[in-house]
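My numbering applies: residue 1474 is where the sequence shown begins, and numbers increase by one. For each residue, glycine too, the CB sits at the ideal point set by N, CA and C.
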Amino acid sequence: MLELKNISKSFGGVKALQNISVQFHEGEIHAILGENGAGKSTLMKIVCGIYQADQGEVILDGKKMKLNDYNDAIHNGISIVNQEINLIPESSIAENIVLDKMDQFTKLGFVNWNRINETAKKYMDMVGLEFDPKTPVMKLSAAHKQLIQIAKALSANAKVLMLDEPTSSLTQYEANILFNLVRELKKKGVIMIFVSHKLEEVMEICDKVTVFRDGQYIGTGDTRDLTKQQIIKMMIGRESNIHYRGRLDAENNPVALEAKHICSKLHGLQDLNFYVRRGEILGFYGLVGSGRSELARTVLGIDKMDSGEVYLNGERIQTRSFAESLHKHGIGYITENRKEEGLFLDDSIKMNISLNTLRKFYLAKAVPLIKPALEAENAEKFVEKLEIKTPSINQKAASLSGGNQQKVAISKWLSVGCDVLIIDEPTVGVDIGAKEYIHDLIWSLAKDEGKAIILISSDMNEIISLSRRMLIFKEKQIVDELKGEDFFARSGAEISAEIGKSFI
1474 MLELKNISKS FGGVKALQNI SVQFHEGEIH AILGENGAGK STLMKIVCGI
1524 YQADQGEVIL DGKKMKLNDY NDAIHNGISI VNQEINLIPE SSIAENIVLD
1574 KMDQFTKLGF VNWNRINETA KKYMDMVGLE FDPKTPVMKL SAAHKQLIQI
1624 AKALSANAKV LMLDEPTSSL TQYEANILFN LVRELKKKGV IMIFVSHKLE
1674 EVMEICDKVT VFRDGQYIGT GDTRDLTKQQ IIKMMIGRES NIHYRGRLDA
1724 ENNPVALEAK HICSKLHGLQ DLNFYVRRGE ILGFYGLVGS GRSELARTVL
1774 GIDKMDSGEV YLNGERIQTR SFAESLHKHG IGYITENRKE EGLFLDDSIK
1824 MNISLNTLRK FYLAKAVPLI KPALEAENAE KFVEKLEIKT PSINQKAASL
1874 SGGNQQKVAI SKWLSVGCDV LIIDEPTVGV DIGAKEYIHD LIWSLAKDEG
1924 KAIILISSDM NEIISLSRRM LIFKEKQIVD ELKGEDFFAR SGAEISAEIG
1974 KSFI
């Protein structure tokens, strides 16, 4: 058994955890839930030695633990799959999986690379990673990187396995592979601590739920005895606002963006076509690597397009680079990987929001000197509009919660005034309250402001709630189109069943 007694932790006077006591039992999948800032990740970092508690005890199998760093945790059979991607991009998949165990593959100063690759392949197969173990991590998507982190944790053969948002970048297919692995580990008696903002998977996979709010313990209960609404109320202190959002009625609106016969040797795309109308939310749904994000990046000029045509408001345009797509044509792209591609975390909120529109704040058009008052005014406007929780626009983006970082990323593109927005995985790692706000914002951008939005999401509930036309991707092809306002007014179960037919 893992027991935490009276754990408290503060950062600069801010109480992240206040006198937390909770038990985790052998062969139990125990969820820790709460909004961003509730203290979930802080608790997990204390358990694995990354943070040290200001007071309290961590007890494993009756023994009080003294964990000074993560290596201490590993040696005591404690492992974690982090929400953030913590991999070495230039190294191979295999090297990343065995990184903290390299001494096991070294003898007399020589590294046994064959053993490393064979060992890595074993755990890659467990999580469904179909790559050569020698493939550099930098070539892979965020979802594939997350699977590598899971494989790395599995390779530790831990007694305690902590999973911090493990499915945040995964579709249901990859998540199901993980859930089967978790069930097998449960049979072996592994203690599993599971953090997720997806309540559906918590209800499916977890035995117990413990809820934190603002660093305080709210309660623990058996999953079978709790409803989703009860858990949400414990987490946020109010009822959820999940509902059918209504109609967009964009079927007769002019086409804003259209792509024809798109081909990319880099991504294996052949003759793909789509269009999105003004005031419409078009969904891209499919498994990881099915071509959703790859198609968007190719059309935007981020990755090379070998052939094809792109039209904006009926006129053919060139998108040879993302800079051209953005500054010449006003097409924005909110990446799925806000940490590595979406934000400069060590820079201020003000700088991040204004980054793509600096010319608006020049003293004169030909003089590249920024007028600070105008830049600050722009940032304050979006901090207020999107309700970004921060004491100052001069705060570093890294200091914000995941939900508020995502709001900054969205603000960056709204500041440009883009009429076409491609939004990739908008609520990855975002809590329920922030998720509802971002969903409302995306809906409002289409419904009230008439923006054309392409929504790429692995969250089926999210894409059903927001999109009113959906393209299904499979093996780099668009295999189905689901459309009609009446179709999306049906129950989520009915729509999910229809989507499932496309993967048979």
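query = Counting Cβ pairs, one atom from each stretch, are 3 or more of them under 8 Å apart for the stretch 1826 to 1833 and the stretch 1617 to 1633?
reply = Output reads no: the stretch 1617 to 1633 does not touch the stretch 1826 to 1833.
task = Would you check if the distance between the CB atom of M1676 and the CB atom of T1696 is smaller than 7 Å?
result = Locating residue 1676 in the sequence shown gives position 203, where the first residue counts as 1. Locating residue 1696 in the sequence shown gives position 223, where the first residue counts as 1. In contact: M1676 and T1696 (Cβ atoms closer than 7 Å).
ask   = For S1938 and chain D, any beta-carbon pair shorter than 7 Å?
value = Any reference to chain D falls outside this structure, which holds one protein chain only.
task = Under 8 Å Cβ to Cβ from N1585, same chain only, skipping five residues before and after it: list those, please.
result = The residue given as residue 1585 occupies position 112 in the sequence shown. Counting only residues of its own chain and dropping the five nearest sequence neighbours on each side, N1585 has a CB closer than 8 Å to the CB of F1578 and T1579.
query = Taking the alpha-carbon positions, what's the E1638 to H1670 distance?
reply = Within the sequence shown, residue 1638 is the residue found at index 165, counting from 1. Within the sequence shown, residue 1670 is the residue found at index 197, counting from 1. E1638 and H1670: Cα-Cα distance of roughly 7 Å.
key: S1917, enclosing alpha helix (DSSP H) - first and last residue   = Here residue 1917 refers to the residue found at position 444 when the sequence shown is read from its first residue. First-last of the alpha helix (DSSP H) with S1917: I1905 to K1920.
task = Decide if the stretch 1540 to 1551 is in contact with the stretch 1493 to 1513; the criterion is three or more beta carbon pairs, one per stretch, under 8 Å apart.
result = Fewer than three Cβ pairs drawn from the stretch 1540 to 1551 and the stretch 1493 to 1513 lie within less than 8 Å of each other, which leaves the two stretches out of contact.
ask   = Measuring CB to CB, does V1663 end up less than 7 Å from L1506?
value = On the sequence shown, position 190 is the one that residue 1663 refers to. On the sequence shown, position 33 is the one that residue 1506 refers to. In this structure, L1506 does not lie closer than 7 Å to V1663 by Cβ.
task = Just confirm the distance between the C-beta atoms of I1911 and I1866, as a whole number of angstroms; I'd bet it's less than 8 Å.
result = Here residue 1911 refers to the residue found at position 438 when the sequence shown is read from its first residue. Here residue 1866 refers to the residue found at position 393 when the sequence shown is read from its first residue. About 20 Å; that fails the 8 Å criterion.
ask   = Going by beta carbon distance, what residues of the same chain come within less than 6 Å of L1533, once the five residues before and after it are set aside?
value = Here residue 1533 corresponds to residue number 60 of the sequence shown, with the count starting at 1. Answer for L1533: L1475, listed in chain order.
request  = Within the same chain, show all residues whose beta-carbon is closer than 8 Å to that of G1710, passing over the 5 residues directly before and after it, in chain order.
outcome  = By 1-based counting over the sequence shown, the position of residue 1710 is 237. Within the same chain, Cβ atoms closer than 8 Å to the Cβ of G1710 are found at R1686, the five residues on either side in sequence being excluded.
query = What is the DSSP secondary structure of F1946, reduced to helix, strand or coil?
reply = Residue 1946 sits at position 473 when you count from the first residue of the sequence shown. If DSSP states are grouped into helix, strand and coil, F1946 belongs with the strands.
task = On a CA-only basis, which of R1765, V1682, C1521 and V1783 is nearest D1698? Give me that one, please.
result = Reading the sequence shown from its first residue, position 225 is the one you call residue 1698. Minimum Cα distance to D1698 is reached at V1682.
ask   = Over what stretch of residues does the beta strand (DSSP E) that includes I1480 continue unbroken?
value = As a first step, residue 1480 must be located in the sequence shown, where it is residue number 7. Looking at the DSSP string, the run of the beta strand (DSSP E) that includes I1480 is L1475 to F1484.
query = What number of angstroms, rounded off, separates the C-alpha of Q1645 from the C-alpha of D1932?
reply = Translated into positions along the sequence shown, residue 1645 becomes position 172. Translated into positions along the sequence shown, residue 1932 becomes position 459. So the alpha carbons of these two residues sit roughly 8 Å apart.
ask   = CB-CB under 7 Å to G1774, same chain, minus the five flanking residues each way: which ones, in chain order?
value = The sequence position of residue 1774 within the sequence shown is 301, counting from 1. Excluding its 5 nearest sequence neighbours in each direction, G1774 has C-beta neighbours in its own chain below 7 Å: T1792, R1793, S1794, F1795, E1797 and S1798, listed in chain order.
message = Extract the residue ranges of the alpha helix (DSSP H) inside the stretch 1641 to 1706, only unbroken runs of 4 or more that lie entirely within it.
response = List check, alpha helix (DSSP H) in window: 1645 to 1660 and 1672 to 1678.
query = By the 10 Å Cβ neighbour count, where 16 or more other Cβ atoms means buried, how is P1727 classified, buried or exposed?
reply = Your numbering for residue 1727 matches position 254 in the sequence shown. By the 10 Å Cβ count, P1727 comes out exposed.
request  = Using a threshold of 7 Å, state whether the C-beta atoms of C1521 and I1570 are closer than that.
outcome  = Reading the sequence shown from its first residue, position 48 is the one you call residue 1521. Reading the sequence shown from its first residue, position 97 is the one you call residue 1570. Against a cut-off of 7 Å, the Cβ pair of I1570 and C1521 comes out as no contact.
query = Counting along the chain, where does the beta strand (DSSP E) carrying N1786 start and finish?
reply = The residue you call residue 1786 lines up with position 313 of the sequence shown. Premise fails: N1786 is in no beta strand (DSSP E) and is neither H nor E.
key: Nearest to K1947 (by Cα), restricted to the options M1517, H1734, E1767 and I1650   = The residue given as residue 1947 occupies position 474 in the sequence shown. When only C-alpha atoms are compared, the closest one is E1767.
ask   = CB-CB under 6 Å to S1780, same chain, minus the five flanking residues each way: which ones, in chain order?
value = By 1-based counting over the sequence shown, the position of residue 1780 is 307. Counting only residues of its own chain and dropping the five nearest sequence neighbours on each side, S1780 has a CB closer than 6 Å to the CB of C1736.
key: Cα-Cα separation between P1609 and A1593, rounded to whole angstroms   = As a working note, residue 1609 is residue 136 in the sequence shown. As a working note, residue 1593 is residue 120 in the sequence shown. Taking the straight line from one Cα to the other gives about 13 Å.
inquiry  = Helix, strand or coil for F1604? Go by DSSP, reduced to three states.
reply    = Looking up residue 1604 in the sequence shown gives position 131. DSSP places F1604 in the coil class of the three-state scheme, outside both helix and strand.
task = State the Cα-Cα distance for the pair L1730 and I1951, rounded to the nearest angstrom.
result = Taking the first residue of the sequence shown as position 1, residue 1730 is located at position 257. Taking the first residue of the sequence shown as position 1, residue 1951 is located at position 478. Answer to the nearest angstrom: the Cα atoms are 17 Å apart.
Close-in-space but distant-in-sequence residues of the same chain around W1886 (CB under 8 Å, 5 per side omitted) = The count along the sequence shown starts at 1 and reaches residue 1886 at position 413. Excluding sequence neighbours, W1886 sits near G1805, Y1806, I1807, N1829 and L1894.
inquiry  = Would S1483 and D1527 be called neighbours here (beta carbons separated by less than 7 Å)?
reply    = Position 10 of the sequence shown, counted from the start, is the residue given in the question as residue 1483. Position 54 of the sequence shown, counted from the start, is the residue given in the question as residue 1527. Contact flag set, yes.
query = So what does DSSP say about D1722, is it helix, strand or coil?
reply = For the purposes of this step, residue 1722 is identified with residue 249 of the sequence shown, where counting begins at 1. Under the three-state reduction of DSSP, D1722 is assigned to coil, being neither helix nor strand.
request  = With distances taken Cα to Cα, identify the nearest neighbour of F1961 among A1616, G1923, G1756 and I1519.
outcome  = In the sequence shown, residue 1961 corresponds to position 488, counting from 1. Ranking the options by Cα distance to F1961, first place goes to G1756.
Buried/exposed call for P1899, threshold 16 Cβ in 10 Å = Residue numbering aside, residue 1899 sits at position 426 when the sequence shown is read from its first letter. Classification for P1899: buried.
task = Could you please give the first and the last residue of the uninterrupted alpha helix (DSSP H) stretch that includes L1873?
result = Taking the sequence shown and counting its residues from 1, the one referred to as residue 1873 is at position 400. Per DSSP, L1873 belongs to no alpha helix (DSSP H) and is neither H nor E.
task = Would you mind reading off the limits of the alpha helix (DSSP H) that contains K1854?
result = Position 381 of the sequence shown, counted from the start, is the residue given in the question as residue 1854. It spans P1845 to K1858 - the alpha helix (DSSP H) in which K1854 sits, taken as one unbroken run.
query = Looking only at C-alpha atoms, which of K1844, L1914, F1834 and G1906 sits nearest to L1859?
reply = Residue mapping note: residue 1859 aligns to position 386 of the sequence shown, counting from 1. Closest by alpha carbon: L1914.
ask   = Is N1725 near the ligand GDP, with its Cβ less than 6 Å from a heavy atom?
value = Absence of the ligand GDP is noted for the structure shown, with no ligands found whatsoever.
task = Specify, as a first and last residue, the run of the alpha helix (DSSP H) that N1938 falls within.
result = Translated into the one-based positions of the sequence shown, residue 1938 becomes position 465. It should be pointed out that residue 1938 corresponds to Ser in this sequence rather than to Asn. M1933 to L1939 is the extent of the alpha helix (DSSP H) around S1938.
inquiry  = Using C-beta distances below 6 Å, list every residue in its chain close to Q1743, excluding the 5 sequence neighbours before and after it, in chain order.
reply    = Sequence index remark: in the sequence shown, residue 1743 carries index 270 (1-based). Beyond the five residues adjoining it in sequence on each side, Q1743 comes within less than 6 Å, by CB distance, of C1736 in the same chain, given in chain order.
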